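If you want my numbering, it's the 1-based position in the sequence shown plus 1305.
Cβ atoms here follow ideal geometry from the backbone N, Cα and C, with glycine treated the same way.
Only a predicted model underlies this, so the values are computations on that prediction, with no experimental measurement involved.
Report on one structure; see the data block that follows.
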Amino acid sequence: MDAQKYLQRIKVSADRNLDLEYLTKLQRGHMLNIPFENLDVTRKIPIRLDTDLFSEKILERSRGGFCYELNGLFQLLLSELGFQSHLISCTVKKPDGWVREDSHAAILVYLHQLPYLVDVGFGDSVRQPLPLTGEERTDVSGTYRIKSTAGEKFDLQRLADGKWKILYRFSDKPVQLGDFHDACLFNQTSPESHFTNGDLATIATKDGRITLSGLTVTKSEESRKNKFELTEEEKGEFLLGQFRIKL
C-alpha cells in the first residue's frame, strides 16, 4: 500500500507526532473523503479480504467500501505510520435485536497504553477516537461514549432523545482480517444482510452527511434534513459528482 497516496486521498499531511490530535485528523480526513458504500455487493462483484485489493479499489479507483475494506485498509495505514493498533470484531445492535455476531470490523488504537476505538466503516457515527473509559465525546454527528459490560465486552453508545442507545458491542481482543471471512461472505450474499437490499453510499460532510439509498438522497446539515428522489440516469451522475464513484 502507498501510504503517501492514502494520505493524499484523505487530505492529511504526514506527521511524526503519533498522538491523539493526529489520529483524530486521520479519522476525520478519512470519513470526509472516502465513502461507505456497498455498490460492489449489490452488483454481485465478490469482495475478498485482501488489503492489496482494498488498496487498488480505494486508492487507485477512488472508491469506498464497507467495514472490512475501510477499516481493514485504515488499520494497515495506522500500522505503517507507526501507531499501535489492531482490528476488533463487533456485533451491531438493531431496534429488534442484534445482527450476526462479530460481523462488524473496527479498530483499537493504543496511545500511551490507553485504548481508543476508531471506526471509519460504520457510516453515520462518531468521527473521533473514543477512549474505553466511559468519557463522553461530541462531534457534529452526535454525542458518544463507551461503557464496559459483563463478560469483558464494551458498548459503543450514542445519546438520542436523552437516552443512551447501543450502536454495537465489541471485545478488545485482537482479530485478523481473515477472521471475518464468513461474516464478509454473509454480508455480501445473504438476503438477511442489510447490504444486499439496495444501493447505499454515504459520506460525512463538514456540517452533516450525504446519503444515497436506492434512488433517495438525504442531505443533513446540523439539525436540518433535505430529501429528494433521483432517476436512474441522475443516480449515476450523482454518484460521480458527490462521491467520485464511476461504476
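Start-to-end residues for the alpha helix (DSSP H) that takes in residue i
| i | result |
| --- | --- |
| Ala1308 | 1308–1315 |
| Lys1330 | 1325–1338 |
| Ser1384 | 1372–1386 |
| Val1346 | 1344–1347 |
Limits of the unbroken beta strand (DSSP E) element including residue i
| i | result |
| --- | --- |
| Glu1534 | 1529–1534 |
| His1391 | 1389–1399 |
| Arg1549 | From DSSP, Arg1549 is part of no beta strand (DSSP E); its letter is neither H nor E. |
| Ser1518 | 1513–1518 |
| Ser1360 | It is not in any beta strand (DSSP E) - Ser1360 instead sits in the alpha helix (DSSP H) that spans 1356–1360. |
| Leu1413 | 1409–1416 |
| Ala1319 | Element bounds for Ala1319: n/a, residue is neither H nor E. |
| Ile1508 | 1505–1509 |
Residues near residue i in its chain [Cβ-Cβ closer than 6 Å; skip 5 each side]
| i | result |
| --- | --- |
| Tyr1415 | Gln1389 |
| Asn1343 | Phe1371, Phe1500, Leu1505 |
| Lys1553 | Past the boundaries of the shown model lies residue 1553; the chain is included only from 1306 to 1552, so the question cannot be answered. |
| Ser1408 | Ala1488 |
| Gly1513 | Ser1525, Glu1526 |
| Lys1362 | Arg1368 |
Cutoff 7 Å; reference residue i; Cβ partners in own chain excluding five residues on either side
| i | result |
| --- | --- |
| Tyr1311 | Leu1364, Leu1382 |
| Gln1547 | Ile1515 |
| Asp1444 | Val1431, Arg1432, Gln1433 |
| Val1425 | Gln1332, His1335, Met1336, Leu1375, Asn1376, Phe1379 |
| Asp1345 | Ile1352 |
| Glu1406 | Thr1396 |
| Ala1319 | Leu1312 |
| Gly1519 | Gly1503, Asp1504 |
| His1486 | Leu1354 |
| Asn1338 | Arg1314, Ile1315, Lys1316 |
Other residues of its chain near residue i: CB distance less than 8 Å, five sequence neighbours each side excluded
| i | result |
| --- | --- |
| Gly1377 | Leu1354, Thr1356, Phe1359, Leu1392, Ala1410, Leu1482 |
| Asp1477 | Ile1393, Leu1413, Pro1420, Leu1437, Glu1457, Phe1459 |
| Thr1448 | Glu1441, Arg1442, Arg1463, Leu1464 |
| Phe1543 | Leu1517, Val1522, Leu1535 |
Euclidean distance between Cα positions of residue i and residue j
| i | j | result |
| --- | --- | --- |
| Lys1551 | His1417 | 42 Å |
| Glu1537 | Thr1521 | 11 Å |
| Pro1351 | Leu1505 | 17 Å |
| Phe1427 | Leu1323 | 24 Å |
| Gly1439 | Leu1472 | 15 Å |
| Phe1246 | Gly1334 | Residue coverage of the chain in this structure runs from 1306 to 1552, which leaves residue 1246 outside it and unanswerable. |
| Ser1367 | Arg1474 | 31 Å |
| Glu1526 | Lys1532 | 12 Å |
| Lys1530 | Val1480 | 38 Å |
| Pro1400 | Gln1309 | 41 Å |
| Leu1517 | Leu1325 | 32 Å |
| Phe1554 | Ser1528 | Not covered by the structure: residue 1554. The range shown for the chain is 1306 to 1552. |
| Tyr1373 | Phe1341 | 11 Å |
| Ala1509 | Arg1321 | 26 Å |
| Leu1422 | Leu1328 | 11 Å |
| Lys1316 | Ser1446 | 20 Å |
| Glu1385 | Asp1307 | 10 Å |
| Thr1454 | Thr1494 | 32 Å |
| Asp1466 | Lys1452 | 18 Å |
| Lys1558 | Lys1468 | A query on residue 1558 cannot be resolved here, the shown segment of the chain reaching from 1306 to 1552 and no further. |
| Lys1398 | Leu1461 | 10 Å |
Simplified DSSP state of residue i, which is helix, strand or coil
| i | result |
| --- | --- |
| Phe1427 | coil |
| Val1522 | strand |
| Gly1541 | helix |
Minimum Cβ-Cβ distance from residue i to chain D less than 8 Å
| i | result |
| --- | --- |
| Leu1364 | No chain D is part of this structure, which consists of one protein chain only. |
(Q) For a minimum of 3 consecutive residues, which ranges assigned as the beta strand (DSSP E) are wholly contained in the region 1435–1498? (A) At a cut-off of 3 residues, the continuous stretches assigned as beta strand (DSSP E) that sit fully inside the region 1435–1498 are 1442–1444, 1447–1454, 1458–1465, 1468–1475.
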